[in-house]
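Q:
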Amino acid sequence: MARHGASASEVCNFGPQRHAAVHDGDESSDSYRVSHQAPGYGSLYNETFEGGYYAALWQKIERPLIEDILRPFGGPNRKCLDFACGTGRIAGVAAEFFQQVVGVDVSPAMIQCASVPKNVSLRIVDITNDDIPETFDVATAFRFFLNAEDALRRDALLGIRRHLRDGGHLVCNIHMNAASPAGFIYRRGKALFGERAQNTLGLEAFCAYLRDAGFVVEEVRYYGYLPRLGPLLNGMCQRLVAPAERLCRALAVPGRFAQNFVVIARRQGRESSPSAADGFAARKNV
């Protein structure tokens with residue numbers, strides 16, 4: 000499928016974001032909306048996924064997983080919204096399965112570095128404040144909720160919900176699972192060495208956000224059992240990330256030990272109210 004870069008004429012209008020490209024869990028911040036804005040930041044973000052551990056995780060584990068999840072949701076006349084689309088990494092995958100994909104982000108620096116298929120349109124618009132006149136069958140949101148502050152997480156989920164049809168689905172991830180060994184180190188271990196704690200988020204806590212926003216969690220997929228073990232071991236982790244994943248799955252290692260998870264949640268209709276017993280536990284995938 001032909002790809003094109005985003006031009007100024009294709010860009011509408013969003014708001015701001017924060018540094019999440021190079022680190023798994025960013026340092027705690029009170030202002031996620033003022034990140035990813037620096038000139039050239041989009042290029043830096045793209046480089047993160049062009050080589051090393053993050054490229055291997057994306058190419059060998061995360062992208063195939065996202066393809067597997069989105070495939071049954073796609074089809075002719077099906078539309079997907081990619082929230083916080085950045086440089087179009089997830090939007091490009093969604094374009095394989097949906098007739099139309101719209102990516103929205105607050106950062107011109109990110110969107111200007113995007114390269115996406117022809118059936119993807121990218122817009123600089125903050126749908127937490129300014130709605131667009133469209134609704135979608137599916138929404139995606141990757142590498143966003145971990146580092147957004149509490150109020151922004153809630154505003155983002157409500158904004159996404161407003162743009163989903165009743166019964167539509169949200170597919171989103173958390174890229175530093177609080178229950179994982181890496182999450183423990185990021186949350187606790189760094190403090191032991193006098194470093195500033197970095198963000199982690201557990202499944203139960205994130206599901207509470209989703210329920211409060213009117214979503215029912217239908218399925219959870221864990222991935223990324225081997226974390227990045229620092230820059231000196233980047234090459235080793237790059238080579239071992241896929242074998243480690245296969246080994247952990249063969250040994251049925253519980254998903255809570257994985258660094259990342261994807262949540263598939265359904266938008267409830269206005270007549271429904273979120274229930275704490277939304278049944279997601281039965282469909283957790285290790």
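If you're matching positions, the sequence shown starts at 0 in numbering that gives the first Met the number 0 and goes up one per residue.
Glycine included, each C-beta is placed from N, C-alpha and C at the ideal position.
1. Do the region 96 to 106 and the region 130 to 137 meet, that is, are 3 or more Cβ pairs less than 8 Å apart?
2. Run the CB neighbour count on A249, radius 10 Å, all protein chains shown included, and call it buried at 16 or more, exposed below.
3. How would you label L231, buried or exposed, when you count the other beta carbons within 10 angstroms and need 16 or more for buried?
4. Does the structure place the region 255 to 269 close enough to the region 211 to 218 that three or more beta carbon pairs sit under 8 Å?
5. Restricting to Cα atoms, I'd like to know which of D104, R238, V261 and C112 is closest to Y53.
6. DSSP three-state label for G74, please.
7. Which runs of the alpha helix (DSSP H) fall wholly inside the region 204 to 269 and span at least 4 residues, in chain order?
8. Pull the bridge partners of C171 from the DSSP assignment, please.
9. Can you give me the start and stop residues for the beta strand (DSSP E) that R122 sits inside?
10. Report the residue from Y224, P107 and H168 whose alpha carbon sits nearest the alpha carbon of A212.
11. Where A207 and R153 are concerned, what is the direct C-alpha to C-alpha distance, given to the nearest angstrom?
12. Taking the alpha helix (DSSP H) that G102 belongs to, which residues open and close that run?
13. By DSSP's criteria, N176 is part of a beta bridge. Which residues make up the other side?
A: The relevant details are as follows:
1. yes
2. exposed
3. Here L231 is exposed, its C-beta having fewer than 16 other C-beta atoms within 10 Å.
4. yes
5. R238
6. strand
7. 233 to 249
8. C171 pairs with A140 and V262.
9. V119 to I123
10. H168
11. One C-alpha to the other measures close to 10 Å.
12. Note, G102: premise wrong, no alpha helix (DSSP H); beta strand (DSSP E) at F97 to D104.
13. L200
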